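>
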Amino acid sequence: MKRTEIRLDHGAGGSAARELIEHIFMSRFANPVLSAASDSAVLGAPPERMAFTTDSHVVKPVEFPGGNIGKLAVAGTVNDLAVSGAKPLYLSAGFILEEGLSIELLERVVESMARTAEEAGVAIVTGDTKVVERGSCDGIFITTAGVGALPDSRAGIGAALHVQPGDRLIINGALAEHGAAIVCARNDLETDPVIYSDCAPLCDLIETMFAASPEGIRFMRDATRGGLATVVCELADMREFRIELEEDALPVKEHVRGVCEMFGFDPLYLANEGKVVAVVAKEEAQAVLSAMRSHPLGREAAIFGTVGEPGKSRVTMNTSIGGSRVLQLLTGEQLPRIC
Amino acid sequence: MKYIDEYRDRALIKGLVAKINAESTKPVRLMEVCGSHTMAIQKFGIPALLPEHVELLSGPGCPVCVTDIGYVDHAVALARRSDVILTTFGDMIRVPGSTSTLQSVRGEGAAVQVVYSSMEALKIAENNPDKKVVFLGIGFETTSPTTAAAMQAARNRNIGNFFVLSAHKLMKPAMTALIDDGVKIDGYICPGHVSIVTGTAMYEEISAAYKVGCVVTGFEPVDVLQGIDLLISQFEAGKPGVEIAYKRLVTPAGNTKAWDLMWEVLEPCTANWRGIGDIPESGMAPRETYAEFDAARMIPVEIEAPQEVKGCMCGAVLRGTHRPTACPLFGTRCTPEDPVGACMVSHEGACAAFYRYAG
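As given, the protein sequences belong to chains A and B, one line each in that order.
Residue 28 is where the first sequence starts when you use the numbering used here, and the numbers rise one by one after that.
Residue 4 is where the second sequence starts when you use the numbering used here, and the numbers rise one by one after that.
Here's what the structure looks like:
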């Protein structure tokens with residue numbers, strides 16, 4: 028590429044657009060379906076049911092410690108499929124680029140999408156690029172959609188259909204790292220050690236969990252915007268359960284706690300981009316926990332709560348000082364453009 | 004984490020809880036007058052640790068909650084001017100005025116920006132010389148000196164387009180007004196941050212005049228429980244007095260530099276407190292010598308006639324005579340997503356704290 032910045036003609040469908048697509052996207056996302064370069068990706072359907080999801084990404088800043096908008100766009104959609112119980116297969120990627128965007132930055136973003144897709148075992152099989160005039164978007168926005176194969180035995184996981192009293196709640200590691208990393212990046216705050224976003228594709232970890240207990244996993248969701256508290260409150264609402272959490276059991280790293288204290292955030296409500304909350308049958312919980320801890324993305328996994336009796340949905344937390352309080356859904360805007 | 008973990012130490016807390024439970028023999032009403040205390044008490048689940056006859060009341064300590072509706076209307080009117088950039092702490096954005104909020108006028112195209120400090124607002128003024136940048140001065144003695152500092156800096160740096168719309172308030176007149184008004188209070192859990200600036204002289208006056216205990220404390224569970232323990236000891240012994248349970252930050256003399264700066268730039272005025280009404284000499288407004296930075300004097304606007312919401316009990320909640328759950332609107336018509344009264348809007352409001360943590 029001769030130019031260093033995105034110009035409007037990169038989105039005009041002519042030679043500049045073609046150069047951009049070939050040099051930036053095709054070379055990095057290379058796979059047989061994409062290389063066919065037709066207007067649609069033509070795919071073989073899996074024998075099972077299919078899961079299908081989409082997500083738009085507008086994170087600010089575009090790059091942050093531990094990732095960038097590209098990694099987030101791939102991992103986010105992969106994770107939405109994986110927590111539904113599906114094995115992610117194919118993604119699409121739509122880009123809205125602002126005139127003047129650095130091409131070097133775009134290359135880093137695309138590079139990281141390719142790497143994350145490879146790590147997750149998915150292929151980016153179709154895409155689109157639009158360029159808007161300066162000021163009409165903020166650098167780069169990416170929309171990804173994804174399809175995955177959903178084995179029959181895992182249907183109903185996203186809807187918590189099989190959750191029962193006594194089931195345990197498990198998380199794969201420490202909370203609030205993505206949210207805290209973004210807060211630090213936006214406020215030019217350097218912590219020692221640096222806080223890295225936990226952004227990562229969770230499909231391999233989740234397959235490890237299913238391998239340890241094919242029948243015992245009853246619900247999963249990734250704890251993104253609104254954090255862990257939101258997932259647990261939504262779970263309580265879905266099936267009208269009481270849920271009891273233990274504050275002491277929830278892992279939060281020291282420097283993340285520090286940032287939360289300073290800005291007045293509750294780590295339970297800050298976004299994660301590589302955390303899954305799972306509800307697991309009581310008798311299977313230890314086996315799933317051990318399997319998670321054997322995986323690089325689950326080293327700090329912890330059991331942090333119990334599903335109680337059905338009734339009015341209510342989430343309570345036994346606080347670390349021995350008191351008790353209620354958890355509610357997040358209200359208002361906590362951090363806009365977190366993902 | 005240093006300065007946090009020590010004050011959340013379980014053994015210390017257990018000891019304090021046991022001591023309070025052993026010591027306290029009769030019903031006692033303690034009021035905190037700081038929004039951060041309201042939140043800390045609910046967030047850590049402290050009421051569950053105390054004997055039932057220890058009643059914790061939330062007083063008028065959340066600066067957003069005590070701001071009267073007319074002030075919000077004034078801010079909305081300023082924001083609607085095309086030559087104004089209105090800057091404010093985030094909590095004010097959603098507080099309902101008579102017919103609108105700053106959030107709604109922002110949606111309609113008004114320039115309303117959330118800032119974390121008065122100095123950030125000053126910077127916006129510096130960067131936008133063709134606009135009038137108005138900062139909403141909200142808060143007690145903790146934040147008033149920072150507003151004063153921004154006004155002084157504006158003068159020193161010749162920034163002529165920076166203005167303050169002040170709703171700053173003083174803590175002491177509110178504390179005495181409540182007792183004068185007949186609210187029964189056996190002890191005040193005094194605000195830690197305010198006291199860093201004010202010191203404890205004002206509590207000495209209150210304690211002597213009203214025979215009420217005043218204990219300054221911080222915001223971690225050990226701080227709060229130690230404050231409650233000291234107040235209960237005083238109450239049981241019948242010897243109300245002034246004590247500091249937050250010595251790592253609060254001194255009897257306070258921060259004299261901040262205090263002097265506040266009085267140099269601002270002067271007392273009658274202020275309207277939501278739920279309480281007018282209290283003489285309880286507000287802080289720019290002095291004549293700083294009039295050129297006073298939005299109220301310098302930027303004329305037409306303000307709509309204030310309309311209070313029917314059924315909202317924020318006033319009674321702020322006076323500590325009713326708990327948030329006693330309000331018929333609580334949790335039904337008034338929730339944090341769609342608040343009616345200011346106590347539900349502010350993160351530190353008593354209703355929001357009850358809704359979030361004690362539901």
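We treat Cβ as the ideally placed atom computed from N, Cα and C, and that holds for glycine.
Predicted model, so just to flag it, every value in this text is computed and none were measured.
1) Within 8 Å of any Cβ in chain B, is that where the Cβ of E281(A) sits?
2) Taking the straight line between their C-alpha atoms, what separation do you get for E75(A) and S62(A)?
3) Name the residue from T31(A), I198(A), T143(A) and I151(A) whose alpha carbon lies nearest to the alpha carbon of A64(A).
4) Along chain A, which residues have their Cβ under 7 Å away from the Cβ of F47(B)?
5) In the DSSP assignment, what residue or residues form a beta bridge with G349(A)?
6) Taking Cβ positions only, does K17(B) come closer than 8 Å to chain A?
7) Does the beta carbon of Y358(B) fall short of 7 Å from some heavy atom of the ligand FAD?
8) Does the CB of V353(A) have a neighbour CB from chain B at under 8 Å?
9) What's the C-alpha gap between C317(B) and L168(B)?
10) Helix or strand or just coil, what does DSSP make of I7(B)?
11) Given this structure, state the Cα-to-Cα distance separating A274(B) from E284(B), to the nearest angstrom.
12) Quick one: which chain A residues come within Cβ less than 8 Å of A361(B)?
13) Hey, Y296(A) and G254(A): beta-carbon distance below 8 Å or not?
14) Going by C-alpha to C-alpha distance, which of E123(B), A157(B), M174(B) and M122(B) sits closest to T145(B)?
15) Going by alpha carbons, who is nearest to A256(B) out of I199(B), R277(B), A288(B) and R359(B)?
16) Does DSSP put H171(B) in a helix, in a strand, or in coil?
17) Just curious, the alpha helix (DSSP H) that H196(B) is in, first and last residue?
18) According to DSSP, is L356(A) helix, strand or coil?
19) Please report whether the beta-carbon of R213(A) lies at a distance below 8 Å from any beta-carbon of chain B.
20) Establish whether the CB of E288(A) and some CB of chain B are separated by less than 8 Å.
21) Could you spell out the range, first to last residue, of the beta strand (DSSP E) harbouring A153(B)?
22) Below 8 Å between beta carbons: does that hold for A187(A) and R245(A)?
23) Which same chain residues, not among the five before or five after A345(B), have their C-beta less than 7 Å away from its C-beta?
24) Quick one: residues in its chain with C-beta nearer than 8 Å to the C-beta of A147(A), no 5 flanking neighbours on either side, listed in chain order?
25) Quick one, are the C-beta atoms of M178(B) and V79(B) less than 8 Å apart?
26) Please name the residues in the region 347 to 361 of chain B whose beta-carbon is closer than 8 Å to at least one beta-carbon of chain A, in chain order.
27) By the criterion of Cβ-Cβ separation under 9 Å, what are the contact partners of G285(A) in chain B?
28) Which of helix, strand or coil does DSSP assign to S285(B)?
29) Please decide whether P224(B) counts as near chain A, where near means a Cβ-Cβ distance under 8 Å.
30) When the Cβ atoms of the region 197 to 206 of chain A are set against those of the region 297 to 305 of chain A, are three or more pairs found closer than 8 Å?
31) Once DSSP output is grouped into helix, strand and coil, what is the label at E242(A)?
32) Using only CA atoms, which one of A211(B), A299(B), N258(B) and K187(B) lies nearest to W30(B)?
33) Do I72(B) and S39(B) have their beta-carbon atoms positioned less than 8 Å apart in this structure?
34) Please name the residue in D297(B), L19(B) and M301(B) whose C-alpha comes closest to that of Q229(B).
35) My parser needs the beta strand (DSSP E) runs of 3 or more residues fully inside the region 23 to 54 of chain B; what are they?
36) Grab the span of the beta strand (DSSP E) containing D155(A) for me, first residue to last.
In this structure, then:
1) yes
2) 26 Å
3) I151(A)
4) Think of a sphere of 7 Å around the beta carbon of F47(B): the chain A residues whose beta carbon falls inside it are T346, I348 and G350, in chain order.
5) According to DSSP, G349(A) bridges with nothing at all.
6) So yes, K17(B) belongs to the interface.
7) Judged by which ligands are present, the structure shown has none, so any question about the ligand FAD falls away.
8) yes
9) 23 Å
10) In the three-state DSSP reduction, I7(B) falls in the coil class, being neither helix nor strand.
11) Using only the alpha carbons, I get a separation of about 7 Å.
12) R352 and V353
13) yes
14) M174(B)
15) I199(B)
16) strand
17) H196(B) -> alpha helix (DSSP H) spans G195 to T201.
18) coil
19) no
20) yes
21) Segment S147 to N159 is the alpha helix (DSSP H) holding A153(B); no beta strand (DSSP E) there.
22) In terms of Cβ geometry, A187(A) and R245(A) form a close pair [threshold 8 Å].
23) V67, C68, T70, V98, R277, C317 and G352
24) Its chain contains V101, A102, V105, P115, P228, C230 and D231 as the residues whose beta carbon lies nearer than 8 Å to that of A147(A), once the 5 sequence neighbours on both sides are disregarded; these appear in chain order.
25) no
26) H350, Y358, R359, Y360 and A361
27) M4 and I7
28) strand
29) With 8 Å as the cut-off, P224(B) counts as an interface residue toward chain A.
30) The region 197 to 206 of chain A makes contact with the region 297 to 305 of chain A: 3 or more CB pairs, one atom from each, lie closer than 8 Å.
31) In the three-state DSSP reduction, E242(A) falls in the coil class, being neither helix nor strand.
32) First, the amino acid is wrong: residue 30(B) is Pro here, not Trp. Here the closest residue by C-alpha is K187(B).
33) no
34) L19(B)
35) 31 to 35
36) A150 to V159
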